[in-house]
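Protein chains: 2
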Amino acid sequence: MRTVIECVPNVSEGADSARVGEIAAAVRGVPGVRVLNVSSDASHNRSVLTFVGDGDAVRGAVMALFEAALPRIDLTRHRGEHPRMGAVDVVPLIPIRGATAADCVALSRVLGEEIASRFSVPVFLYEDSASSESRRNLADVRKGEFEGLAAKMARPEWKPDFGPAGPHPTAGAVAVGARAPLIAYNINLGTSDLAIADRIARSIRHIGGGFRYVKAMGVELADRGLVQVSINMTNYRKTPLHRVFECVKSEAERYGVPIVASEIVGLTPAEALYMAAEHYLRIENFTTDLVLESKLLDEEG
Amino acid sequence: MRTVIECVPNVSEGADSARVGEIAAAVRGVPGVRVLNVSSDASHNRSVLTFVGDGDAVRGAVMALFEAALPRIDLTRHRGEHPRMGAVDVVPLIPIRGATAADCVALSRVLGEEIASRFSVPVFLYEDSASSESRRNLADVRKGEFEGLAAKMARPEWKPDFGPAGPHPTAGAVAVGARAPLIAYNINLGTSDLAIADRIARSIRHIGGGFRYVKAMGVELADRGLVQVSINMTNYRKTPLHRVFECVKSEAERYGVPIVASEIVGLTPAEALYMAAEHYLRIENFTTDLVLESKLLDEEG
Chain A
0 MRTVIECVPN
10 VSEGADSARV
20 GEIAAAVRGV
30 PGVRVLNVSS
40 DASHNRSVLT
50 FVGDGDAVRG
60 AVMALFEAAL
70 PRIDLTRHRG
80 EHPRMGAVDV
90 VPLIPIRGAT
100 AADCVALSRV
110 LGEEIASRFS
120 VPVFLYEDSA
130 SSESRRNLAD
140 VRKGEFEGLA
150 AKMARPEWKP
160 DFGPAGPHPT
170 AGAVAVGARA
180 PLIAYNINLG
190 TSDLAIADRI
200 ARSIRHIGGG
210 FRYVKAMGVE
220 LADRGLVQVS
230 INMTNYRKTP
240 LHRVFECVKS
250 EAERYGVPIV
260 ASEIVGLTPA
270 EALYMAAEHY
280 LRIENFTTDL
290 VLESKLLDEE
300 G
Chain B
0 MRTVIECVPN
10 VSEGADSARV
20 GEIAAAVRGV
30 PGVRVLNVSS
40 DASHNRSVLT
50 FVGDGDAVRG
60 AVMALFEAAL
70 PRIDLTRHRG
80 EHPRMGAVDV
90 VPLIPIRGAT
100 AADCVALSRV
110 LGEEIASRFS
120 VPVFLYEDSA
130 SSESRRNLAD
140 VRKGEFEGLA
150 AKMARPEWKP
160 DFGPAGPHPT
170 AGAVAVGARA
180 PLIAYNINLG
190 TSDLAIADRI
200 ARSIRHIGGG
210 FRYVKAMGVE
220 LADRGLVQVS
230 INMTNYRKTP
240 LHRVFECVKS
250 EAERYGVPIV
260 ASEIVGLTPA
270 EALYMAAEHY
280 LRIENFTTDL
290 VLESKLLDEE
300 G
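Residue numbers (numbering that gives the first Met the number 0), protein chains in the order written: chain A, 0 to 300; chain B, 0 to 300.
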């Protein structure tokens, strides 16, 4: 598998597992696609599919996803804790191997056009694909949710990038965009003092003056008597794990607190771990060509 | 590709690239086998093939290798700097994914039997497959080389594990065995004083009281004005890269010398780098299931 693009669509159904299963089966049936994970949350009433393939396979899978999701999800009757504006709410495209961010931006435009013309669902491009800065952040695009969408789209600044000028009656609208792989990374501190985790989280996150691609907050792990700096690494290539780890370590030392452990939640690209090994071992000639398993993936058809 | 066994046979031909190409093509033609590398050394008059596959594929490939190599290599006329006892000199089997050392030991016995019966070449099991401690070390098995093999095999303690009691007239004998993946790993020191690299190499290598799975020597990098601790890591699971790196760093500090860089020569299993990332980042929940690319390989048929 030379080219690997990861697609992590979120659909607004998380309670009816039969329906989720039918939607996932439609994606699984597309040649060249591998579904790595399907995870549903009933209180959010939302499911996240993780699948990979090359550009063509991902295109086919996103169309199959819409074809299966639209007749099964009616947002006029949808309740759930998580904000949403569409039956297929968001379609993130992530370059993993043999594809660049630019390739995924181009793919998002192809998808946008096809979603609009085949399903009459308006499409907003977001993140790296955004047509303006005000559309980069998914939370801004989704603000007002399905219920507020008709009024929002009536304003000229919220004309969609593709498709009809108003929302689809039952499926709302969808955000499609390229983004860097996200790593959920937690660092546990040897103290029960939540204020310390909070203060460190503020010091490393972008909004507080910290690293550009870090979101962070303090969390209490009451059962372990520890606190945690809970981190979203939104671009590990530009803000790598080891740099954040060393910064947290140094900030914690200032309070006499050790790092007990760290934790990766969900999946990480291998490259994020290779970068840490390269840094600490000072490997001067590192490329993924040195890694046997990477060559195995290269050899795939 | 669920099960991945690496096989790194050495054949006694490194000058005639047409012959080497024919031998490699025979291996490449076996279904389920992927040849990752072919590297020839003319002064050694020896080539190293690196290929991977599951047990059955590797078995087929080793047979194809013998079939192609035996008519093309005549050890009675072979000259080269590297010690050798066979046309196919050594067949190491290395578990990479979904296979254990015990699986590779079992495979080495299957291969030994089949090589002996199909090609009348005597087989010595070595390393993890060795039938006695005195046969574990390849250098001991090969001592005396092709020219001394008839006399050596006449002694009862050098009866082969499989096959005829004396050498094959043109192909000698072969060593077959399971071993852990070997990583060639060099650490460059910020000094031109070779004595320091030598002293550190002695302190970390097994023979000098150092780590069990480390072989090391000092090397001069004259063009860079540096010296290098050149290391063979013979079992990175039991003696990991980061432990050796930190030990070299600490020994070098005692002389006021920094580590400038390290270098991986050839291929490394991804796991060796994951172990370094896990150590330095203190990742408490690490398994390869967290790595996206590892899941891609798991999904292969």
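Virtual Cβ for every residue (Gly too), placed ideally from N, Cα, C.
Beta-bridge analysis with DSSP links Met152 of chain B to no other residue. Distance between Gly176 of chain A and Gln227 of chain A, taken at the CA atoms: about 31 Å. A straight line joining the alpha-carbon of Met84 of chain A with that of Ala56 of chain A spans about 26 Å. Lys248 of chain A is bridged by DSSP to nothing; it lacks a bridge partner. The Cβ atoms of Ala194 of chain B and Tyr125 of chain B do not sit closer than 8 Å to each other. For the options B:Phe244, B:Ile22, B:Asp192 and B:Thr169, the alpha carbon positioned closest to that of Ala63 of chain B is the one of B:Ile22. The C-beta of Ala153 of chain A has fewer than 16 other C-beta atoms within 10 Å across all chains shown, which makes the residue exposed.
Residues of chain A with a Cβ closer than 7 Å to the Cβ of Tyr273 of chain B are, in chain order, Leu272. Restricting attention to beta strand (DSSP E) runs no shorter than 3 residues, the region 197-263 of chain B encloses them at 213-220 and 225-232, ordered along the chain.
Going by beta carbons, Phe123 of chain A and Leu74 of chain A fall outside the 8 Å limit.
A direct Cα-to-Cα measurement between Arg134 of chain B and Val140 of chain B gives close to 6 Å.
Taking each of A:Thr233, A:Lys248 and A:Thr286 in turn and checking the Cα distance to Arg198 of chain A, the smallest one comes out for A:Lys248. Three or more beta-carbon pairs separated by less than 8 Å link the region 154-164 of chain A to the region 102-115 of chain A, which places the two stretches in contact. Ala172 of chain B has its alpha-carbon roughly 8 Å from the corresponding atom of Val87 of chain B. Within chain B, the C-beta atoms nearer than 7 Å to that of Glu262 of chain A come from Ile282, Glu283 and Asn284, in chain order. Selection A:Val26, A:Ala105, A:Arg96 and A:Pro94 evaluated against Glu66 of chain A yields A:Val26 as nearest (Cα-Cα). Looking at the DSSP output, Pro94 of chain B shares a beta bridge with B:Ile4.
Distances from the CA of Pro91 of chain B to each of B:Ala105, B:Trp157, B:Leu291 and B:Glu245 were compared; the closest alpha carbon is that of B:Ala105.
CA-to-CA, the gap between Ala24 of chain B and Arg58 of chain B works out to about 16 Å. Using beta-carbon distances, Pro91 of chain A does not count as an interface residue toward chain B, since no partner is under 8 Å. DSSP places Ile72 of chain A outside both helix and strand once states are collapsed to three, so it counts as coil. Arg18 of chain B and Arg78 of chain B have their C-alpha atoms some 16 Å from each other. Beyond the five residues adjoining it in sequence on each side, Thr287 of chain A comes within less than 6 Å, by CB distance, of Ser293 in the same chain, given in chain order. In the same chain as Arg96 of chain A, and ignoring 5 residues on each side of it, the C-beta atoms closer than 8 Å to its own belong to Met0, Arg1, Thr2, Val3 and Leu296, in chain order. Apart from the 5 residues on each side of it in sequence, Thr49 of chain B sits with its Cβ closer than 6 Å to the Cβ of Val7, Leu35 and Asn36 in its chain, given in chain order.
Look at the region 205-216 of chain B: it has no residue with a C-beta under 7 Å from a C-beta of chain A. Ranking B:Thr233, B:Cys103, B:Val61 and B:Ala215 by CA distance to the CA of Asn136 of chain B puts B:Thr233 first. When Cβ-Cβ separations below 8 Å define contact, Ile203 of chain A makes no contact with chain B. For Ser107 of chain B, the number of other beta carbons within 10 angstroms of its own is at least 16, and it is reported as buried. Residue ranges of uninterrupted alpha helix (DSSP H) with 4 or more members, entirely inside the region 137-191 of chain A and ordered along the chain, are 137-141 and 148-152. Beyond the five residues adjoining it in sequence on each side, Ile72 of chain B comes within less than 6 Å, by CB distance, of Ser11, Glu12 and Ala86 in the same chain, given in chain order.
For Gly111 of chain A, the enclosing alpha helix (DSSP H) covers residues Ala100 to Phe118. Below the 7 Å Cβ cutoff, chain B contributes Leu295 as neighbours of Val51 of chain A, in chain order. A distance below 6 Å between beta-carbons, with the five flanking residues on each side excluded, links Glu262 of chain B to the following residues of its chain, in chain order: Asn185. By the criterion of a C-beta distance shorter than 7 Å, Ser229 of chain B is surrounded in its chain by Asn185, Ala215, Met216 and Val218, once the five residues flanking it on both sides are discounted. With respect to the 8 Å criterion, Val264 of chain B and Leu225 of chain B are not classified as neighbours on the basis of their beta carbons.
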